[in-house]
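Each step along the sequence shown adds one to the number in the numbering used here, with nothing skipped, and position 22 is 36. Below you'll find the structure, written out as structure tokens, and then a few comments.
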Amino acid sequence: MPIETIYHDSFDYPIFHVLEQIEVYDGSSAIGFDHLLNHIKVLHTLANGVAIKDVIAILSQHPHYGIAEDEWKYENLDKLVRILENECSILVQYVSLLSPMDNKEQKQQRIITEMRERVPFLDYRYPNDSFLSAADREN
15 MPIETIYHDS FDYPIFHVLE QIEVYDGSSA IGFDHLLNHI KVLHTLANGV AIKDVIAILS
75 QHPHYGIAED EWKYENLDKL VRILENECSI LVQYVSLLSP MDNKEQKQQR IITEMRERVP
135 FLDYRYPNDS FLSAADREN
């Protein structure tokens, strides 16, 4: 995977972008990977204590995380990281279920619906992200 180093005047340290394109052969697999990678990005951001305010704003929209944006406490960080780790594991399992080789489109749609019911899509983007969010793409 290519790793790009970016130096920015507002930071005392470099920022690394890990770049990879994952080739998939159907839209259902693309949705599964997008969901998983977005969750990994949220987990990494939260675990590193970067942009916590942005992440908490997104997580507070989903009641099962048990946090309210205006009541966030750092003591809850470990619990939240564990929940996200578990959800990433669940999403890895769903990605493998979405293989187009043995699934018909109708079965894939049921898998995606179940995946979204079990693990919410967070649609997290870094500040100043140049890519459209999933919500923006759909509008």
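Yeah, the Cβ is synthetic: ideal placement off N, Cα and C, and Gly gets one too. Source: prediction; values computed, not measured.
Please report the distance separating the alpha-carbon of residue i from that of residue j.
| i | j | result |
| --- | --- | --- |
| R132 | I66 | 23 Å |
| L73 | Y108 | 21 Å |
Between which two residues does the beta strand (DSSP E) holding residue i run?
| i | result |
| --- | --- |
| V32 | I29 to V32 |
| I17 | I17 to I20 |
Taking 9 Å as the CB-CB cut-off, is residue i touching chain B?
| i | result |
| --- | --- |
| H53 | Absent from the structure is chain B; it holds one protein chain and no more. |
Cβ of residue i within 9 Å of Cβ of residue j?
| i | j | result |
| --- | --- | --- |
| L57 | V95 | yes |
| G46 | I125 | yes |
| I97 | E83 | no |
Go ahead and pull the three-state DSSP assignment for residue i.
| i | result |
| --- | --- |
| N90 | helix |
| Y108 | helix |
| D84 | helix |
| V95 | helix |
| R139 | coil |
| E37 | coil |
| N153 | Because N153 sits at a pLDDT of 43, beneath the cut-off of 50, its placement in the model cannot be relied upon, and the point is left open. |
| H78 | helix |
With burial defined as no fewer than 16 other Cβ atoms inside 10 Å of the residue's Cβ, what is the status of residue i: buried or exposed?
| i | result |
| --- | --- |
| S24 | exposed |
| N153 | In this prediction, N153 scores a pLDDT of 43, lower than 50, which makes its location untrustworthy; no coordinate-derived value is stated. |
| E85 | exposed |
| D26 | exposed |
| M15 | exposed |
At which residues does the alpha helix (DSSP H) containing residue i begin and terminate?
| i | result |
| --- | --- |
| V56 | G41 to A61 |
| D68 | I66 to L73 |
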